[in-house]
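Q: Structure below; questions to follow.
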DNA sequence: ATCATATCGTTCGGAACCTAACGATTTCAA
DNA sequence: TTGAAATCGTTAGGTTCCGAACGATATGAT
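Residue numbers (my numbering), protein chains in the order written: chain G, 8 to 171; chain Z, 8 to 171.
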């Protein structure tokens, strides 16, 4: 089966312009396409899946972290979800209103709060996550297994480069 | 020079959990790492570069589109920037307040508005973009030229898969 | 000329997003 | 025991983000 690896029109036009500026075009191509894919997946998922459950992408992310790891304290939950503590406060408020999550005070430390998924939240996640994984599978369907592994590997290398 | 392609701790823990759910782990690894890299680059860039100019990431993106292609109508500018028309209205308002962009009415059609970068905006972009490209280069520094090309290629294939 | 339909950009309303600062609480050195 | 410093989660204030709806304008059929 043939598949399309051609440069998208948006990338081609931008590339022509930025090439004239004497920049690292390989780096530009890699990073700009990461943003394009991330935006496309996020927008697609919000529109076709998450809106059914009144969830934002970050709401979904937070609920997913709770579903995978169980109850977490606010600061850790914010870090694992990639959002700030103040944003987490607002997102958890929304999840509480939807009945998907609940706060629980820490037994020993009055400053801390646990957040946990409710049964309703876990039930919603059992519905949502396989469908989200279908999106992940659809998005990568034209890549071979080796290509998927190489892609994930290159991204991990980039993450480690940012950590040093 | 050795380099680190190991699975990050965040990915490893998540992977163990989601493997138990019988999902497409290759797709999960690829897509979840795309989000991790996109988030890391965006946060890093906002903190270390864009805050100097009071720019959000989307403000930067919109200004970049104007810088590369010249004045654009609002609806096209929104589409090229990956945001909605209503968001663009707000972001352009902020760019106007910063003196980086200006609106101009369409000569023939009272409904339409052109947006253009100002001299101040262009000057700021000449400062910002090379430094943003340094971030792009830093993030990809541990990838070979072949690996960068394979990464960009795999991402393009994914973009095309989403378009069909 | 008129009217229905479509398009444009803005406004509305509400959620997400951030940093800085705050009050409450904990920790630890003296 | 006391008080300084640190940590936690929330609040404040402002921007970004969206879809729906609106007023203004353009288009095209009649």
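We treat Cβ as the ideally placed atom computed from N, Cα and C, and that holds for glycine. Since we're looking at a predicted model, the values are computed, not measured.
Among residues of its own chain, excluding the 5 on either side of residue 128 of chain Z, which ones have a beta-carbon nearer than 6 Å to its beta-carbon?
A: Position 121 of the second chain, counted from the start, is the residue given in the question as residue 128 of chain Z. Taken in chain order, the residues that qualify are 70, 107, 108.
Q: Out of curiosity, what's the CA-to-CA distance linking residue 125 of chain Z and residue 74 of chain Z?
A: Counted from its first residue, the second chain places residue 125 of chain Z at position 118. Counted from its first residue, the second chain places residue 74 of chain Z at position 67. Distance from the CA atom of residue 125 of chain Z to the CA atom of residue 74 of chain Z, rounded to whole angstroms, is 9 Å.
Q: Any contact between the region 45 to 53 of chain G and the region 142 to 151 of chain Z? By contact I mean 3 or more CB pairs, one from each, below 8 Å.
A: no
Q: Are any of the Cβ atoms in chain Z nearer than 9 Å to that of residue 165 of chain G?
A: Looking up residue 165 of chain G in the first chain gives position 158. Yes, residue 165 of chain G lies at the interface with chain Z (some Cβ there is under 9 Å from its Cβ).
Q: Kindly list, in the order they appear in chain G, the residues whose Cβ is closer than 9 Å to that of residue 137 of chain Z.
A: Here residue 137 of chain Z is taken as the residue at index 130 of the second chain, counted from 1. Ordered by position in chain G, the residues that pass the 9 Å Cβ test against residue 137 of chain Z are 28, 29, 30.
Q: Name the one or two DSSP bridge partners that residue 122 of chain G has.
A: Numbered from 1 along the first chain, position 115 holds the residue referred to as residue 122 of chain G. Beta-bridge pairing links residue 122 of chain G to G/79, G/110.
Q: Along chain G, in chain order, which residues have C-beta atoms closer than 7 Å to that of residue 15 of chain Z?
A: Indexing the second chain from 1 puts residue 15 of chain Z at position 8. The contacting residues are 163, 166.
Q: Tell whether a beta-carbon distance below 9 Å holds between residue 67 of chain G and residue 135 of chain G.
A: Against the first chain, residue 67 of chain G aligns to sequence position 60. Against the first chain, residue 135 of chain G aligns to sequence position 128. Their beta carbons are under 9 Å apart, which means residue 67 of chain G touches residue 135 of chain G by this criterion.
Q: Mind checking whether residue 117 of chain G and residue 156 of chain Z have CB atoms under 9 Å apart?
A: Stepping through the first chain from its first residue, residue 117 of chain G is reached at position 110. Stepping through the second chain from its first residue, residue 156 of chain Z is reached at position 149. Going by C-beta atoms, residue 117 of chain G is not nearer than 9 Å to residue 156 of chain Z.
Q: So what does DSSP say about residue 52 of chain G, is it helix, strand or coil?
A: Counted from its first residue, the first chain places residue 52 of chain G at position 45. Three-state DSSP puts residue 52 of chain G in a helix.
Q: Flag this pair as yes or no: are the beta carbons of residue 159 of chain G and residue 36 of chain Z separated by less than 9 Å?
A: For the purposes of this step, residue 159 of chain G is taken as the residue at position 152 of the first chain. For the purposes of this step, residue 36 of chain Z is taken as the residue at position 29 of the second chain. In contact: residue 159 of chain G and residue 36 of chain Z (Cβ atoms closer than 9 Å).
Q: Out of curiosity, what's the CA-to-CA distance linking residue 94 of chain Z and residue 77 of chain Z?
A: On the second chain, residue 94 of chain Z is found 87 positions in, with the first residue counted as 1. On the second chain, residue 77 of chain Z is found 70 positions in, with the first residue counted as 1. Cα to Cα, the separation comes out at about 20 Å.
Q: State the DSSP-derived secondary structure class of residue 58 of chain Z, mapped to helix, strand or coil.
A: Residue mapping note: residue 58 of chain Z aligns to position 51 of the second chain, counting from 1. In this structure, residue 58 of chain Z counts as helix in the three-state DSSP scheme.
Q: Going along chain G in order, which residues have a C-beta closer than 8 Å to the C-beta of residue 66 of chain Z?
A: Translated into the one-based positions of the second chain, residue 66 of chain Z becomes position 59. Correct list: empty, because the minimum Cβ distance to chain G is about 15 Å.
Q: Checking 9 Å against the spacing of the C-beta atoms, do residue 90 of chain Z and residue 65 of chain Z come in under that value?
A: Within the second chain, the letter at position 83 stands for residue 90 of chain Z. Within the second chain, the letter at position 58 stands for residue 65 of chain Z. Contact: yes.
Q: Kindly list, in the order they appear in chain Z, the residues whose Cβ is closer than 8 Å to that of residue 183 of chain G.
A: What the structure shows of chain G is the stretch from 8 to 171, and residue 183 of chain G is not part of that stretch, so it cannot be assessed.
Q: CA-CA distance, residue 110 of chain Z and residue 26 of chain Z?
A: On the second chain, position 103 is the one that residue 110 of chain Z refers to. On the second chain, position 19 is the one that residue 26 of chain Z refers to. Near 51 Å, if we compare the C-alpha coordinates of residue 26 of chain Z and residue 110 of chain Z.
Q: For chain G, find out if any of its Cβ atoms is closer than 9 Å to the Cβ of residue 50 of chain Z; answer yes or no.
A: Within the second chain, residue 50 of chain Z is the residue found at index 43, counting from 1. Contact of residue 50 of chain Z with chain G is assigned, a C-beta pair being separated by under 9 Å.
Q: Does residue 24 of chain G have its Cβ less than 9 Å from a Cβ in chain Z?
A: As a working note, residue 24 of chain G is residue 17 in the first chain. Yes, contact with chain Z.
Q: Out of Z/99, Z/142, Z/161, which has the shortest C-alpha to C-alpha gap to residue 166 of chain G?
A: As a position in the first chain, residue 166 of chain G is number 159, starting the count at 1. Taking residue 166 of chain G as reference, the option from Z/99, Z/142, Z/161 with the minimal CA-CA separation is Z/142.
Q: Please state the DSSP three-state secondary structure of residue 168 of chain Z.
A: Along the second chain, read from residue 1 onward, the residue named residue 168 of chain Z stands at position 161. If DSSP states are grouped into helix, strand and coil, residue 168 of chain Z belongs with the helices.
Q: Report yes or no: is there a C-beta of chain G within less than 9 Å of the C-beta of residue 155 of chain Z?
A: For the purposes of this step, residue 155 of chain Z is taken as residue 148 along the second chain, with counting starting at 1. At least one chain G Cβ lies under 9 Å of residue 155 of chain Z.
Q: At least one CB of chain Z closer than 9 Å to the CB of residue 8 of chain G: is that the case?
A: Mapped onto the first chain, residue 8 of chain G falls at position 1. Low confidence applies to residue 8 of chain G: its pLDDT is 49, below 50, so where it sits in the model is not reliable, and the reading given next is rough at best. With respect to chain Z, the C-beta atom of residue 8 of chain G has no partner C-beta closer than 9 Å.
Q: Leaving out the 5 sequence neighbours to the left and right, which residues in its chain are closer than 8 Å to residue 72 of chain G when beta-carbon positions are compared?
A: The residue given as residue 72 of chain G occupies position 65 in the first chain. Excluding residues within five positions, the ones whose Cβ falls inside 8 Å are 79, 84, 87, 88.
Q: If you drop the 5 nearest sequence neighbours on each side, which residues of the same chain put their C-beta closer than 6 Å to that of residue 168 of chain Z?
A: Taking the first residue of the second chain as 1, we reach residue 168 of chain Z at position 161. Same-chain partners within the cutoff: there are none.
Q: Would residue 21 of chain G be called buried (16 or more neighbouring beta carbons within 10 Å of its own) or exposed?
A: Here the question's residue 21 of chain G lines up with position 14 in the first chain. So residue 21 of chain G counts as buried.
Q: Residue 133 of chain G to residue 31 of chain Z, Cα distance in whole Å?
A: As a position in the first chain, residue 133 of chain G is number 126, starting the count at 1. As a position in the second chain, residue 31 of chain Z is number 24, starting the count at 1. C-alpha separation (whole angstroms): 15 Å.
Q: Within 10 Å of its beta-carbon, does residue 8 of chain Z have 16 or more other beta-carbons around it, so buried, or fewer, so exposed?
A: Within the second chain, residue 8 of chain Z is the residue found at index 1, counting from 1. Note that residue 8 of chain Z scores a pLDDT of 49, beneath 50, so its modelled location is shaky; the value from the coordinates is reported in the next line. The residue in question, residue 8 of chain Z, is exposed, as its Cβ has fewer than 16 Cβ neighbours within 10 Å.
Q: So, residue 63 of chain G versus residue 56 of chain G, is the Cβ gap smaller than 9 Å?
A: Position 56 of the first chain, counted from the first residue, corresponds to residue 63 of chain G. Position 49 of the first chain, counted from the first residue, corresponds to residue 56 of chain G. Contact flag unset, no.
Q: Tell me, to the nearest whole angstrom, how far the beta carbon of residue 38 of chain G is from that of residue 146 of chain Z; I am working on the premise that it is less than 8 Å.
A: The residue given as residue 38 of chain G occupies position 31 in the first chain. The residue given as residue 146 of chain Z occupies position 139 in the second chain. Residue 38 of chain G to residue 146 of chain Z, Cβ: 6 Å. Contact.
Q: Short of 7 Å Cβ to Cβ, which residues in the region 107 to 127 of chain G face chain Z?
A: none
Q: Quick one: which chain Z residues come within Cβ less than 7 Å of residue 53 of chain G?
A: Taking the first residue of the first chain as 1, we reach residue 53 of chain G at position 46. By Cβ distance, chain Z contributes nothing, its closest Cβ being about 12 Å from residue 53 of chain G, past 7 Å.
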